[in-house]
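The numbering used here numbers the first residue of the sequence shown as 32 and each following residue consecutively.
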Amino acid sequence: AGVSPASAFQNLGQRSPHKGLQHASAEIAHDTAHGVAISDAMSKYPELFPCFLVGAFRAAEHGGYLPEMIERIMDYYEQNRVVHRWTKYTRGCLWLVVLLAPPIAPFGIGFVWAFAEFQGGGSADALRVLGANVGRAFLRFGLPTMLILIALMLLIYLVGGSERLGARLRANGLGFSLYADWIRAQSLEQYLFHLSRLTQAGVYPATAHTLAAGAIPNLALAEALLTIDLERTEGAAHIDAALERSGLFPLEEIMMARTSIQTGEVPSVLQTLANWYKQWAAERTQQLPR
Numbered sequence: 032a033g034v035s036p037a038s039a040f041q042n043l044g045q046r047s048p049h050k051g052l053q054h055a056s057a058e059i060a061h062d063t064a065h066g067v068a069i070s071d072a073m074s075k076y077p078e079l080f081p082c083f084l085v086g087a088f089r090a091a092e093h094g095g096y097l098p099e100m101i102e103r104i105m106d107y108y109e110q111n112r113v114v115h116r117w118t119k120y121t122r123g124c125l126w127l128v129v130l131l132a133p134p135i136a137p138f139g140i141g142f143v144w145a146f147a148e149f150q151g152g153g154s155a156d157a158l159r160v161l162g163a164n165v166g167r168a169f170l171r172f173g174l175p176t177m178l179i180l181i182a183l184m185l186l187i188y189l190v191g192g193s194e195r196l197g198a199r200l201r202a203n204g205l206g207f208s209l210y211a212d213w214i215r216a217q218s219l220e221q222y223l224f225h226l227s228r229l230t231q232a233g234v235y236p237a238t239a240h241t242l243a244a245g246a247i248p249n250l251a252l253a254e255a256l257l258t259i260d261l262e263r264t265e266g267a268a269h270i271d272a273a274l275e276r277s278g279l280f281p282l283e284e285i286m287m288a289r290t291s292i293q294t295g296e297v298p299s300v301l302q303t304l305a306n307w308y309k310q311w312a313a314e315r316t317q318q319l320p321r
């Protein structure tokens, strides 16, 4: 709408109920009013704006497509919210298994022991023998198992607290292939979208690749691409080399990118690939509740 960044953040800060965002918006408004880039101003608040979000703003500032980038980020966060709703249910089920299975499972063992031990008598005697054997089975098998499972779950959460390890676990899907597919599709869609817009703006391939890789939501996948150096000297590699060296893209997509360089249709082909991954991510989002 033509509103300056300083005015936009000042207005947003007044509307947000989040105290942290209120303060950050006021500071970003002050910085951008003095010529600081939005991405640089946002990078001062990593607890509010993750690295990939700052990277997305930085790439869009270079390519001049901020409004379109923000629309894409909005779509990403909306889809992310839906997916995380289902992962919360999954974690809840896992905790139920951890806490309920160890007490319940020893009941069968205790019942077998009680059946072998019971020599006759009334129902009170039977219940006493059953209770004693179930308790013995729980102390012998159930309690140690429950403590081990709780320790493992806590270890997983601690490991997941590390951004780098957590990103690697999520990229591998934590054992769920649909979740891994969704992470991969979301990340590569963002990379290809930014690469398309930056190439369209005439940004040098090596710079475009670095900026686009910095806008990937998953840190593990971002680092896999950031390790690739296309160089900036004479005879430097083009973006098809980044796709090939990453090992993240199938051969047909690499060949499409390579052909587009020869035909001069790089931005449109990259956008086509980005749309494919966007559709892939949407399909996985619908399948995840199963």
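Glycine included, each C-beta is placed from N, C-alpha and C at the ideal position.
The structure presented is a predicted model; accordingly, all values stated were derived computationally and were not measured.
Smallest Cα separation from A55: which of A91, M105, Q41 and L185? Taking the first residue of the sequence shown as 1, we reach residue 55 at position 24. When only C-alpha atoms are compared, the closest one is Q41.
If I measure Cβ to Cβ from L223 and keep anything under 7 Å in the same chain, skipping five residues before and after, which residues do I get? Sequence index remark: in the sequence shown, residue 223 carries index 192 (1-based). L301, L304, A305 and Y308.
So the alpha helix (DSSP H) N42 belongs to, where does it begin and stop? Taking the sequence shown and counting its residues from 1, the one referred to as residue 42 is at position 11. DSSP places N42 inside the alpha helix (DSSP H), whose first and last residues are P36 to R46.
Can you tell me whether T230 is buried or exposed, with buried defined as 16 or more other CB within 10 angstroms of its CB? For the purposes of this step, residue 230 is taken as the residue at position 199 of the sequence shown. Buried, since its Cβ has 16 or more Cβ neighbours within 10 Å.
Can you have a look at F169 and say buried or exposed, based on whether 16 or more other CB atoms are within 10 angstroms of its CB? Taking the first residue of the sequence shown as position 1, residue 169 is located at position 138. Flag for F169 reads buried.
Are the CB atoms of L219 and L257 within a distance shorter than 9 Å? The residue given as residue 257 occupies position 226 in the sequence shown. The residue given as residue 219 occupies position 188 in the sequence shown. Their beta carbons are not under 9 Å apart, which means L257 does not touch L219 by this criterion.
Alpha helix (DSSP H) containing P134: first to last residue? Walking along the sequence shown from the start, residue 134 turns up at place 103. Going by DSSP, P134 is part of the alpha helix (DSSP H) stretching over L97 to E148.
Say whether the segment 86-103 touches the segment 125-133, bearing in mind that this needs 3 or more beta-carbon pairs closer than 8 Å, one atom from each stretch. No: the two stretches stay apart, fewer than three of their Cβ pairs being nearer than 8 Å.
By the 10 Å Cβ neighbour count, where 16 or more other Cβ atoms means buried, how is E148 classified, buried or exposed? In the sequence shown, counting from the first residue as 1, residue 148 sits at position 117. Its Cβ having fewer than 16 others within 10 Å, E148 is exposed.
For my contact list, F355 and P137 are in at a C-beta cut-off of 8 Å; report their separation, rounded to the angstrom. Summary: the structure shown does not reach residue 355, with the chain confined to residues 32 through 321, and so no result is reported for it.
Whose C-beta lies closer than 7 Å to the C-beta of A68 among residues of the same chain, with five residues either side of it excluded? The count along the sequence shown starts at 1 and reaches residue 68 at position 37. Excluding positions up to five away in sequence, the list reads E92.
Going by DSSP in three states, T264 sits in which element: helix, strand or coil? Sequence index remark: in the sequence shown, residue 264 carries index 233 (1-based). Assignment of T264 by DSSP, reduced to helix, strand and coil, places it in the coil class.
List the whole-angstrom C-beta distance separating A288 from D271, where the pair is believed to meet the contact cut-off of C-beta under 8 Å. Position 257 of the sequence shown, counted from the first residue, corresponds to residue 288. Position 240 of the sequence shown, counted from the first residue, corresponds to residue 271. Rounded, the Cβ-Cβ distance is 4 Å, consistent with contact.
For R46, count neighbouring C-beta atoms within 10 Å of its own C-beta (all shown protein chains included) and say buried if the count is 16 or more, exposed if not. Within the sequence shown, residue 46 is the residue found at index 15, counting from 1. Counting Cβ neighbours within 10 Å, R46 comes out exposed, since fewer than 16 surround it.
With a threshold of 6 Å on Cβ separation, who are the neighbours of R228 within its own chain once the five nearest residues in sequence on each side are excluded? The residue you call residue 228 lines up with position 197 of the sequence shown. For R228, same chain residues with a beta-carbon under 6 Å away, outside a window of 5 residues either side, are G94 and Y96 in chain order.
What's the C-alpha gap between G162 and R116? The residue labelled residue 162 in the question sits at position 131 within the sequence shown. The residue labelled residue 116 in the question sits at position 85 within the sequence shown. Going by the C-alpha atoms only, they are around 40 Å apart.
Alpha carbon to alpha carbon, how far is L131 from A11? Give it in angstroms, no decimals. Beyond the ends of the chain as shown, which are 32 and 321, falls residue 11; an answer cannot be given.
State yes or no: is the C-beta of A267 within less than 9 Å of the C-beta of P236? On the sequence shown, position 236 is the one that residue 267 refers to. On the sequence shown, position 205 is the one that residue 236 refers to. The beta carbons of A267 and P236 sit closer together than 9 Å.
Neighbourhood of P298 by C-beta, 8 Å cutoff - its chain only, sequence neighbours within 5 removed: Against the sequence shown, residue 298 aligns to sequence position 267. Contacts found: S227, R228, T230 and Q231.
Assuming H240 and A90 are in contact, meaning their beta carbons sit under 8 Å apart, how far apart are those beta carbons, in whole angstroms? One-based indexing of the sequence shown puts residue 240 at position 209. One-based indexing of the sequence shown puts residue 90 at position 59. Not a contact, Cβ separation roughly 11 Å.
Please list the terminal residues of the continuous alpha helix (DSSP H) segment that includes F224. The residue given as residue 224 occupies position 193 in the sequence shown. Per DSSP, F224 is one residue of the alpha helix (DSSP H) stretching across S208 to Q231.
Considering Cα atoms alone, identify which of K75, P281, D106 and N164 is closest to G51. Counting from 1 along the sequence shown, the entry for residue 51 is found at position 20. Scanning K75, P281, D106 and N164 for the CA closest to the CA of G51 turns up K75.
What is the residue span of the alpha helix (DSSP H) that H61 lies within? By 1-based counting over the sequence shown, the position of residue 61 is 30. Looking at the DSSP string, the run of the alpha helix (DSSP H) that includes H61 is K50 to A64.
Do R263 and T290 have their C-beta atoms within less than 9 Å of each other? Residue mapping note: residue 263 aligns to position 232 of the sequence shown, counting from 1. Residue mapping note: residue 290 aligns to position 259 of the sequence shown, counting from 1. No, they are not a contact pair.
Local conformation of G33 per DSSP, three classes: If you number the sequence shown from 1, residue 33 lands on position 2. Here G33 sits in coil by DSSP.
Where do the N-terminal and C-terminal ends of the alpha helix (DSSP H) with R159 fall, by residue? Indexing the sequence shown from 1 puts residue 159 at position 128. Unbroken alpha helix (DSSP H) run through R159: S154 to A168.
Using beta-carbon positions only, say whether M73 and F80 come within less than 9 Å of one another. Taking the sequence shown and counting its residues from 1, the one referred to as residue 73 is at position 42. Taking the sequence shown and counting its residues from 1, the one referred to as residue 80 is at position 49. Result yes, Cβ atoms of M73 and F80 sit closer than 9 Å.
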